[in-house]
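Step one of this worksheet: look at the structure below.
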Amino acid sequence: MMGRLFILGAATLAAGSALAAPRGFTVEDLVRMERVGAPALSPDASRVVYTVRSTNMEKNRGNTQLWMIDLRSAKPTPVRLTEGESNSTDPEWSAKGDAIYFLSARSGSSQVWRQPAAGGAAVKVTDLPLDVENFRLSPAGDRLAMSLAVFRDCTDLACTKTRMDEKAKNKASGKVYDRLFVRHWDTWADGRNSVLYSAPLDASGKVSAAPVSLSGGIDGDVPSKPFGDREEYRFSPDGKSVVFGVRVAGKTEAWSTNFDIYQANAAGGAEPRNLTADNPAWDSKPAFSPDGKTLAYLAMSRPGFEADRFRMVLMDVASGKKRVLAESWDRSIADYKWRDDGKALLATADDVGQHRLFSIDAASGKVTPLSDKGYVSAFDTRGKTVVMAQAHLQSGAQLFKSSNGGAASQLTQLNSELLADVRFGESEQFSFTGAKGETVYGHVMKPWNATPGVKYPVAFLVHGGPQGSFGNAWSYRWNPQTYAGAGYATVFIDFHGSTGYGQAFTDSISGDWGGAPLDDLKKGLDAAVKKFPWLDRERSCALGASYGGYMMNWIAGNWSDGFRCLVNHDGVFDTRGMAYATEELWFTEWENKGTYLDNAAAYEQFNPVHFVKNWKTPMLVVQGDLDFRIPTSQALGTFTALQRQGIDSKLLVFPDENHWVLKPANSVLWHNTVKQWLDQHLAR
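Position one of the sequence shown corresponds to residue 9 (our numbering), numbered consecutively onward.
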């Protein structure tokens, strides 16, 4: 299986590093690692292009460039296609396979460029007054679809540019709003929408006429904010139409998850047609079958619930008839692609602590796993060839190639020199009887230099979401290997509410934030200590972000003798304050079964603020000041509650970070501050 081959590759690398003095993994290693992006196969599957992100520590930022591998070679070797100070991203092959289109701001703004596959200088395809946010090339290569941020009342792109320039010159900084979102994720609303446009290309591959709006008549963003991308829109195989997902904003955007799939003429001129008006919940990521007769898309069934199961729906284009594919397969699909023959779709989904690649038969709905252990973050398929980016707890993502679901061969060896002398901590998955008598899974990881018979202090990691998973994956934020490299053992539990164990398990946390999940954490730690005698229960510290940060506040008041210290990153302190200050209201309102006005008791039942008098455990509080999901007032409330009671505590604030710590220097500071906190409280 692919997973076994991946582990073998890691083992071979470890064997080679035995020549150097072994050492543990550090945060400096983490931020310097090269990161592979999504692969894109050429039409004949002979080559694959992908991105690699490197880090410039001096400039405190990443740099992304395009690379290519010729899969026909006896020894496939990565070749760099682009370079420079500006990023090159979002590669897409031309229909003939003779060029790669990509995004770059090398000319001063983000535009589409065309790079000959055989080498040579890249040529600018678009020269617009606004940034191109993302794009797609039509199957025939004669048209671009692209997203631009515009004022919807402007009649052309120049109008938006002029208005933004005038705003920049205005000495008054005030902004007036009459509806939510006022701000979203880490950005204040400025009145613009991401609108889908299309433009024709001439014989040389350049835009030959002014772009026309495809979604401008709809009050919403294409793709969605803050994390939507070009997977939310696609051309039909004949290139005559474009399908896209969008949520109508109006006054309800902040508490609505009703995205619909629309179809528009690729050349514009007609109002888009809503294909999923019958579903009041989330519809997303439409894609036509290769023959154009079937439209696939992902659909939720419960309005207002962002963590509902994404099912695969197939719609017959001629009749409009829809059917759910693989209804009995109780997993939520993350991404998918059609096979070239249209007989199957490949899809990724969380699955019992892994994130695997599956094949779904388009006729019967039969599901067949194509990958074993690990995390498949991206993939592409052409003909019989599949190329995927796969990671696990001992390695960042590498590219792998397989044919017909057979054995996978590794294509990239990123970071082999950087990590040549690193010895990673060994990990193991385990299970136990958790809350409600149900089976719950977790992982443990040893320190990099673990010695038999020695007990090690424990970093007990609690994931966010809360509908998420801490599984067999690699993270550039909360990575257990940074603790293993510092001499700590780690334990992380997929408590009730986690994804990959069936939708009922995921649903179970809603309305029960401080109930079954806390029970799972207690029982999981106890089970781990009994099963793995090298865990030193008496020297343990709990750490978490987002919901995990909420759990640190909840633990402080409801498991106050559980740990020597706590680390709370962007955690909820007061559920009432959260209900009125967070931006995506659908989240808090689903989790608490209504608005605060309608169901205050549900918000207050598991509100950490009511248990502050029980607090006694030292806590490090971390906050990104651009985090509009869990605003800074929540962290200040936590820190004030600690300080007023004389509890050992520290507050680390990042004025320029959001819900995540992304800048390299900030990441190093964050990790080192956390390590110092653990060292201080877990020393014998």
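For each residue, glycine too, the CB sits at the ideal point set by N, CA and C.
When Cβ pairs closer than 8 Å are counted between the two stretches, the stretch 626 to 639 is seen to touch the stretch 574 to 594, the count reaching three or more. As the crow flies, the alpha-carbon of Lys621 is around 12 Å from that of Thr646. Note on the stretch 458 to 533: whole alpha helix (DSSP H) runs with a minimum of 4 residues are 488 to 492, 511 to 515, in chain order. Nearest to Tyr305 by C-alpha distance, out of Lys531, Tyr611, Val321, Ser62, is Val321. Of all alpha-carbon atoms in Val87, Ala355, Phe432, the one lying nearest the alpha-carbon of Met396 is that of Ala355. Close CB contacts of Pro234 within its chain, under the 8 Å cut and outside five residues either way in sequence, are with His192, Trp193, Asp194, Thr195 (chain order). In the same chain as Thr72, and ignoring 5 residues on each side of it, the C-beta atoms closer than 6 Å to its own belong to Thr59, Arg61, Asn95, Thr97, in chain order. Boundaries of the beta strand (DSSP E) around Asp268: 267 to 273. Nearest in C-alpha terms to Arg151, of all of Ala275, His400, Glu93, Arg171, is Ala275. If you draw a straight line from the Cα of Leu165 to the Cα of Ala649, it is about 50 Å long. Measuring C-alpha to C-alpha distances from Pro474 to each of Pro124, Cys167, Phe595 identifies Phe595 as the nearest. When rounded, the separation of the alpha-carbon atoms in Met560 and Glu240 is 36 Å.
Residue state for Ile341 is assigned as strand, using DSSP reduced to three classes.
C-alpha of Lys538 to C-alpha of Leu660: approximately 35 Å in a straight line. Counted as a single uninterrupted DSSP element, the beta strand (DSSP E) harbouring Gln73 occupies residues 69 to 78.
For Gly149, same chain residues with a beta-carbon under 8 Å away, outside a window of 5 residues either side, are Ser102, Ala103, Lys104, Leu209, Gly213 in chain order. Sequence-distant partners of Thr393 (beyond 5 residues in either direction) whose C-beta falls short of 8 Å from its own C-beta, in its chain, are Leu49, Ala53, Leu79, Lys409, Ser410, Ser411.
For Gly182, the number of other beta carbons within 10 angstroms of its own is below 16, and it is reported as exposed. Spatial neighbours of Asp656 in its own chain (CB-CB distance under 7 Å, excluding positions within 5 residues in sequence) are listed in chain order as Pro626. Under the 8 Å Cβ criterion, the stretch 173 to 188 does not count as touching the stretch 242 to 253, having fewer than three qualifying pairs.
Within the DSSP secondary-structure output, Asn201 pairs in a beta bridge with Val158. As the crow flies, the alpha-carbon of Asp534 is around 8 Å from that of Arg545.
Here DSSP, grouped into helix, strand and coil, assigns His363 to strand. Leu427 and Asp37 have their C-alpha atoms roughly 7 Å apart. Selection Phe619, Ala125, Leu551 evaluated against Pro488 yields Leu551 as nearest (Cα-Cα).
The shortest C-alpha to C-alpha distance from Leu628 to any of His689, Glu91, Tyr604, Val35 is the one to His689. Rounded to whole angstroms, the gap between the alpha carbons of Pro311 and Arg339 is 18 Å. With fewer than 16 other beta carbons inside 10 angstroms of its own, Asn68 counts as exposed. With a cut-off of 8 Å on Cβ pairs, the stretch 476 to 487 is not in contact with the stretch 325 to 341, counting fewer than three such pairs.
DSSP, read as helix, strand or coil, puts Arg317 in coil. Counting C-beta pairs with one atom in each stretch, the stretch 495 to 513 and the stretch 439 to 459 have three or more that are closer than 8 Å, which means they touch.
Looking at the DSSP output, Asp246 bridges to nothing. Cβ contact annotation for Leu378 (same chain, cutoff 8 Å, sequence separation greater than five): Met10, Leu354, Arg364, Leu365, Phe366, Ser367, Val394, Ser410, Gly413, in chain order.
Sixteen is the threshold: since fewer than 16 other Cβ atoms of the shown chains lie within 10 Å of the Cβ of Lys351, the residue is exposed. Beta-bridge annotation (DSSP): Gln119 is paired with Ser112. Between the alpha carbons of Lys531 and Gly556 lies a distance of about 17 Å.
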